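Residue 1 in the UniProt record's numbering sits at position 1 of the sequence shown, and the numbers go up by one each step.
First comes the structure, then the notes that go with it.
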Amino acid sequence: MDSSCGKDALKVEEESPSFNIDAKEEAKSSEDLNSIEEGIQEFLWNLVEANKEKRYIGVRKRPWGKYAAEIRDSTRNGIRVWLGTFNSAEEAGMVYDQAAFAMRGASAGLNFPLEKVKESLKNMNYKFKDGSSPAEAIKETHRARSSSNG
Numbered sequence: 001m002d003s004s005c006g007k008d009a010l011k012v013e014e015e016s017p018s019f020n021i022d023a024k025e026e027a028k029s030s031e032d033l034n035s036i037e038e039g040i041q042e043f044l045w046n047l048v049e050a051n052k053e054k055r056y057i058g059v060r061k062r063p064w065g066k067y068a069a070e071i072r073d074s075t076r077n078g079i080r081v082w083l084g085t086f087n088s089a090e091e092a093g094m095v096y097d098q099a100a101f102a103m104r105g106a107s108a109g110l111n112f113p114l115e116k117v118k119e120s121l122k123n124m125n126y127k128f129k130d131g132s133s134p135a136e137a138i139k140e141t142h143r144a145r146s147s148s149n150g
C-alpha cells in the first residue's frame, strides 16, 4: 500500500486556496436560483395544463381531428351505438349525455350538469317510441339535424 498517496492528499488540501465568499451574496444567489426555478416550474405547469384536453365520457378523438360519441345500449344487449362524429369534444360529450340520460335517467354518469342536459333535450324536441332504443333516437335526431345543416 502506498502511504505517500495519503500524505500528498492532505498536503494538497492544506495548500488549497481559500475563498472568502460573502454570506449575503451567497444567500442572494440562492434566492435568485430558487426564484428562477419556481418560474420555470410554473411555466412548465401552465404549458402542460394548456395542452391538456378535457376528456369526456363516451367521446374519442379521431385521427383527423373530429370527435366520435358512442354509448353502450342496454336495451340492445349492451351493443355499442355510434352516436355520430362532431367538430368538438364538448358537442360529442353533450350528445353522449343526452343518450345516457334518456336511457338511464338521473343516475347516469354525465359530462355536464343534469339541468343542462335536460334543457338540451327539451330544445331538440327529443322523442322516442316505446320499445325502441333511446340511443338510436338521439342518433337519428342528430343525423337529421346535421343533414339539414350541411
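Yeah, the Cβ is synthetic: ideal placement off N, Cα and C, and Gly gets one too.
Given the structure is predicted, the values throughout are model-derived calculations rather than measurements.
- Collapsing the DSSP output to three states places Lys61 in a strand.
- A Cβ-Cβ distance of about 15 Å is found for the pair Ala92 and Phe101, leaving them out of contact under the 8 Å criterion.
- According to DSSP, residue pairing for Thr75 in a beta bridge does not occur.
- Assignment of Arg80 by DSSP, reduced to helix, strand and coil, places it in the strand class.
- The C-beta of Pro134 has 16 or more other C-beta atoms within 10 Å across all chains shown, which makes the residue buried.
- Per DSSP, the beta bridge partners of Thr85 are Ala68.
- Between Ala99 and Ser30, the alpha-carbon positions lie close to 57 Å from each other.
- Excluding residues up to 5 positions away in sequence, Ala68 lie with their Cβ nearer than 6 Å to the Cβ of Arg60 in the same chain.
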